[in-house]
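For the sequence shown, my numbering puts the final residue at 732, and the numbers step up evenly by one. Take a look at the structure set out below.
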Amino acid sequence: MNGICFPHKISLPNQTRWNSWFQIVFYAKVHIQHWANFFRREYEEKLQNEMIKTIHTTLQNLRDVGVITIYIYFISIYAKEFVQDLDFFQQQNKPVFPFVEGRLQQLTAFIKSNTTALYFGPEIKNIIRQHLFNPDDFYPIFRQAFQVAYNKFSAYIPNHPARSLFYACQVFNPQYIHLGDIQRKDIRHYSVIMELDNPSDSLLYEWSIYYGLTGLEFNENLDETNLDNYWKNLSVHLPILSNIALDYIWLPILSCAVKRSFSLYNSLLDSNRQNLSEELLKQLNMLYFN
């Protein structure tokens, strides 16, 4: 165990994209066998560069290389779940909002289950043994890594300001109602959605038709790729509910998309976002009088 918890760190470039570090580790896993020759040549050409010298020296130590390789493999294998979810959340051309809560619950379960895992699969076990280490020395460290991730995840995700909306908007995915209990059909459970709070008789009528359809005409292949068409096809029979659904399923999730939405909003309204901006009023007057 001595030294395993603190492998030498090789500095890698960082970008501001969510998955940038994971992608760098994936790349490192593929090319790690070339590191020693690459940095040896770099060191021969740049003898005064202390960082390259440190990396070159580290790569001459087989034990250090083994520890680094094991950690890179561990991250590469288990970061795939994070990368898939983060890529899913970053989609801007699909109505993914109703699916966010389900993905968050699955990710939470994945992280939590590995905080107590006794085994981390044959691939990582073989890599550990290839480098002449005992897998049982690494498994507690892997569990600790997941525990740290779970603690941070639990501190942030349940308190996310949009979490209640993520949960409520699942209702616009008919699979959610079809696969759940009778309580999921109660419109009062989704009052966080302003339009569903204190619904009109017309909306209640459409709601009863909607949850009836989920049982009679359930499409198990419905996902973010065809949810938009599903609600557009209901616009004639359920005009009120479909309009509400089409607004909410397209809510942005990606942080930069949300910022762009606020930027656009600010271009239409004044600095307090209470009244139309002076520039927009001028443009409207020109259109009206011409």
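We put the beta carbon where it would ideally sit given N, CA and C, even for glycine. Since this is a predicted model, take the numbers as computed values, not measurements.
**Message:** Phe595 and Phe516 - do their beta-carbons sit closer together than 8 Å?
**Reply:** Residue numbering aside, residue 516 sits at position 74 when the sequence shown is read from its first letter. Residue numbering aside, residue 595 sits at position 153 when the sequence shown is read from its first letter. Not a contact, by the Cβ cut-off of 8 Å.
**Message:** So, at 8 Å on beta carbons, what are the nonlocal neighbours of Ser703 in its own chain, with the 5 sequence-adjacent residues on each side left out?
**Reply:** Numbered from 1 along the sequence shown, position 261 holds the residue referred to as residue 703. Caution applies to Ser703, whose pLDDT of 44 falls short of 50 and renders its modelled position unreliable; the model cannot decide the point.
**Item:** Local conformation of His620 per DSSP, three classes
**Value:** For the purposes of this step, residue 620 is taken as residue 178 along the sequence shown, with counting starting at 1. His620: helix per DSSP, three-state reduction.
**Message:** Judging by CA-CA distance, which residue of Ile466, Phe464, Phe468 and Gly508 is the nearest neighbour of Ala478?
**Reply:** Looking up residue 478 in the sequence shown gives position 36. Distances from the CA of Ala478 to each of Ile466, Phe464, Phe468 and Gly508 were compared; the closest alpha carbon is that of Gly508.
**Asked** Does the Cβ of Glu486 have 16 or more other Cβ atoms within 10 Å, making it buried, or fewer, making it exposed?
**Response** By 1-based counting over the sequence shown, the position of residue 486 is 44. Under this definition Glu486 is an exposed residue.
**Cβ-based burial, Tyr469 [other Cβ within 10 Å; buried from 16]** = Residue numbering aside, residue 469 sits at position 27 when the sequence shown is read from its first letter. By the neighbour-count criterion, in which a residue is buried when 16 or more other Cβ atoms sit within 10 angstroms of its Cβ, Tyr469 is exposed.
**From Ile512, Ser650, Asn461 and Pro681, residue whose alpha carbon lies closest to that of Glu565** = Within the sequence shown, the letter at position 123 stands for residue 565. Cα-wise, what sits closest to Glu565 is Ile512.
**Message:** Spatial neighbours of Cys611 within its chain, please: C-beta separation below 6 Å, excluding the five flanking residues on both sides.
**Reply:** Walking along the sequence shown from the start, residue 611 turns up at place 169. Answer for Cys611: Phe539, Pro540 and Tyr690, listed in chain order.
**Message:** On a Cα-Cα basis, can you pick out the residue from Ala521, Asn663 and Val678 that is closest to His620?
**Reply:** Your numbering for residue 620 matches position 178 in the sequence shown. Among Ala521, Asn663 and Val678, the Cα nearest to that of His620 belongs to Asn663.
**Request:** Please say whether Asn615 and Leu669 have beta carbons closer to each other than 8 Å?
**Result:** The count along the sequence shown starts at 1 and reaches residue 669 at position 227. The count along the sequence shown starts at 1 and reaches residue 615 at position 173. Here Leu669 is near Asn615, since their CB atoms are less than 8 Å apart.
**Asked** Closest to Tyr632 by CA distance: which of Glu648, Gln572 and Val613 is it?
**Response** Along the sequence shown, one-based indexing puts residue 632 at 190. Comparing Cα positions, the closest option is Val613.
**Message:** Tell me the DSSP secondary structure of Ala587 in three-state form.
**Reply:** By 1-based counting over the sequence shown, the position of residue 587 is 145. Collapsing the DSSP output to three states places Ala587 in a helix.
**Prompt:** How long is the line joining the alpha carbons of Ala587 and Ile519, rounded to whole angstroms?
**Reply:** Indexing the sequence shown from 1 puts residue 587 at position 145. Indexing the sequence shown from 1 puts residue 519 at position 77. When only Cα atoms are considered, Ala587 and Ile519 end up about 14 Å apart.
**Prompt:** Shortest alpha-carbon distance to Phe552 belongs to which of Ile570, Phe524 and Phe530?
**Reply:** Stepping through the sequence shown from its first residue, residue 552 is reached at position 110. The shortest C-alpha to C-alpha distance from Phe552 to any of Ile570, Phe524 and Phe530 is the one to Phe524.
**Item:** Rounded separation between Leu501 and Ile510 - CA only
**Value:** Counted from its first residue, the sequence shown places residue 501 at position 59. Counted from its first residue, the sequence shown places residue 510 at position 68. Going by the C-alpha atoms only, they are around 10 Å apart.
**Request:** Can you tell me which of the three DSSP states Leu693 falls into?
**Result:** Within the sequence shown, the letter at position 251 stands for residue 693. Coil at Leu693, not helix or strand.
**Message:** Tell me the residue span of the alpha helix (DSSP H) that contains Glu487.
**Reply:** Counting from one through the sequence shown, the residue named residue 487 turns up at place 45. Note, Glu487: alpha helix (DSSP H), Trp477 to Glu487.
**Asked** From His476 to Asp628, what distance separates their C-alpha atoms?
**Response** What you label residue 476 is simply residue 34 of the sequence shown in a count that begins at 1. What you label residue 628 is simply residue 186 of the sequence shown in a count that begins at 1. Rounded to the nearest angstrom, the two C-alpha atoms are 59 Å apart.
**Prompt:** To the nearest angstrom, how far is it from the Cα of Arg482 to the Cα of His498?
**Reply:** Numbered from its first residue, the sequence shown carries residue 482 at position 40. Numbered from its first residue, the sequence shown carries residue 498 at position 56. A direct Cα-to-Cα measurement between Arg482 and His498 gives close to 6 Å.
**Asked** Run through DSSP, which three-state label would Asp579 get?
**Response** Taking the sequence shown and counting its residues from 1, the one referred to as residue 579 is at position 137. The three-state secondary structure of Asp579, taken from DSSP, is helix.
**Prompt:** Which value, in whole angstroms, describes the spacing of the CA atoms of Phe608 and Arg630?
**Reply:** Along the sequence shown, one-based indexing puts residue 608 at 166. Along the sequence shown, one-based indexing puts residue 630 at 188. Annotation: Phe608 to Arg630 spans about 16 Å, alpha carbon to alpha carbon.
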